[in-house]
Amino acid sequence: MTERPSWTRFFRVWVGLGLQSFGGGTATLYLIQRAVVDQQRWMSAEEFAHNWAMVQLAPGINLLAITILIGWKIAGAPGIVAALGGLLLPSIAITILVSATYASVSALPIVEAALQGVIPATVGLGLFLSYRLLMPTLSVSRREGRVSVAVSLALVVGAMGATFWLKWPVLLTLLLGGVLGGIYQWGSALRLSEASDT
Amino acid sequence: MTPIDPITLFWLFLKASLFSTGGTGNLPLLYQDLLTRGWATDQMFAEALAIGQLTPGPTGLWVISLGYLVYGVVGSVLAAVAITLPPLLVLAISVAHQHIGGHPFVRGMIRGLSLAVIGVFLIVLSRLMPGPIPDWRAVAIALIVFLLALTQRIPVVVLLAMAAIAGIVLFR
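Shown next as structure tokens:
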């Protein structure tokens, strides 16, 4: 839509995004959207939303996938390198520094006690994250009816059981969850089309 | 415990990222693979997750901290490369999606996968809690942080700082 921005500006925008994004996730996505759509006008809001939908299908970290896709759309392969490098290099350097400092102070009793508080806190944040991931999927299921909600919950509980009691390898559990979800949705789509044929 | 071999370590990081989505979707697989080899401890996972929350960048960068704790700077570089490669598949997907994305099996599969990830994730979370018998102080901190996070009013850094202070008061 607009012409390609200069490389220094393009790189600087991504470095800024990488350094501002504390706590990750939704906040970072919002920052990227604001920068790319509102401030720099590199793409329209619709285009951004479409790209974000594509990203849901990609493996790995969503925020890296959207960065790759935007970099590609705006400036091709060098765009990917500049966007990813800008977003990641400063953050990676800081993460390594903090980890290294941490290793040298972790033996202090006060740090150990603080950590005994921080570890359960990350578990609490993990619970919140699970909730945030579960809710959109469940609300889609709710629109489809009770059976779909039951199937969704069964997949979550089934994966918990497979891990906790059956001690299945994680990959097997995940693949089976994907295949069962695919079969269920395909089956219900076929039933729907048969119902509308008769 | 076998000594850490960097190529296998890289492959484990890559595999976990390849078969998961989101910043922490790779946690269950990494947890399984690194713990069974004796290359990482529960403690390292918990610490890496905490450091990942404290530092800037996507949440997924916790893996870089884990890489450092497991195998030093080389470990963190291996982890960084491993998490960058799988998202590149988004380029192929954006092309393929125009052909198969609407198929109900594909949509259902993605949904089933994300639900199974949540199930496994919940079990892994419960294992990060200290001890065989849950400590009431730890359970209380986890629940309070969960409830405060639900309000979405308090920045994560503040929540973690409060938890650290609670730890110093309760556990010393």
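Chains as they are written, first to last, in this note's numbering: chain U, 1 to 198; chain E, 1 to 172.
Glycine included, every Cβ here is placed at the ideal spot set by N, Cα and C.
The structure displayed is predicted, hence computed values, not measured ones.
(request) Classify ARG153(E) as buried or exposed, calling it buried when 16 or more other Cβ atoms lie within 10 Å of its own Cβ. (result) Here residue 153(E) refers to the residue found at position 153 of the second sequence. That one is exposed.
(message) Tell me which residues of the region 64-79 of chain E have at least one Cβ-Cβ distance to chain U shorter than 7 Å, keeping chain order.
(response) ILE64, SER65, TYR68, LEU69, VAL73, SER76
(request) Within the same chain, show all residues whose beta-carbon is closer than 8 Å to that of LEU17(U), passing over the 5 residues directly before and after it, in chain order. (result) On the first sequence, residue 17(U) is found 17 positions in, with the first residue counted as 1. Correct list, in chain order: THR28, LEU31, ILE32, ALA35, GLY86, LEU87.
(request) Keeping to the same chain, check which residues put their C-beta closer than 6 Å to that of MET1(U); ignore five residues upstream and five downstream. (result) Locating residue 1(U) in the first sequence gives position 1, where the first residue counts as 1. Because the pLDDT of MET1(U) is 47, which lies under 50, any placement of that residue in the model is unreliable, and the question is left without a value.
(request) Could you tell me the boundaries of the alpha helix (DSSP H) in which HIS50(U) lies? (result) Here residue 50(U) is taken as the residue at index 50 of the first sequence, counted from 1. From DSSP, the alpha helix (DSSP H) with HIS50(U) extends over 45-55.
(message) Between the alpha carbons of ALA154(U) and MET109(E), how many angstroms are there, rounded?
(response) The residue given as residue 154(U) occupies position 154 in the first sequence. The residue given as residue 109(E) occupies position 109 in the second sequence. Counting only the Cα atoms, MET109(E) lies some 15 Å from ALA154(U).
(message) Using the three-state DSSP reduction, which class does GLY124(U) fall into: helix, strand or coil?
(response) Here the question's residue 124(U) lines up with position 124 in the first sequence. Here GLY124(U) sits in helix by DSSP.
(request) Under 7 Å between beta-carbons, which chain U residues line up against VAL90(E)? List them in chain order, please. (result) Position 90 of the second sequence, counting from 1, holds the residue named residue 90(E). Ordered by position in chain U, the residues that pass the 7 Å Cβ test against VAL90(E) are MET54, VAL55, ALA58, ALA65, ILE68, LEU69.
(request) With DSSP as the reference, label THR55(E) as helix, strand or coil. (result) Here residue 55(E) refers to the residue found at position 55 of the second sequence. Correct three-state label for THR55(E): coil.
(message) Report the CB separation of LEU115(U) from GLY167(E) in whole angstroms; it is logged as a contact under 8 Å.
(response) The residue labelled residue 115(U) in the question sits at position 115 within the first sequence. The residue labelled residue 167(E) in the question sits at position 167 within the second sequence. Contact holds; Cβ gap of about 6 Å.
(request) Assign THR2(E) to one of three DSSP states: helix, strand, or coil. (result) The sequence position of residue 2(E) within the second sequence is 2, counting from 1. DSSP places THR2(E) in coil when its eight states are reduced to three.
(request) Assign TYR131(U) to one of two classes, buried (16 or more other C-beta atoms within 10 Å of its C-beta) or exposed (fewer than that). (result) To locate residue 131(U), count along the first sequence from 1; it is residue 131. Result: exposed.
(request) Taking VAL117(E) and TYR31(E) to be in contact with their CB atoms under 8 Å, please state how far apart those CB atoms are, rounded to whole angstroms. (result) The residue given as residue 117(E) occupies position 117 in the second sequence. The residue given as residue 31(E) occupies position 31 in the second sequence. About 13 Å; that fails the 8 Å criterion.
(request) Output, in chain order, the set of chain E residues within a Cβ distance shorter than 9 Å of ILE110(U). (result) Locating residue 110(U) in the first sequence gives position 110, counting from the first residue. Simply ILE168, ARG172.
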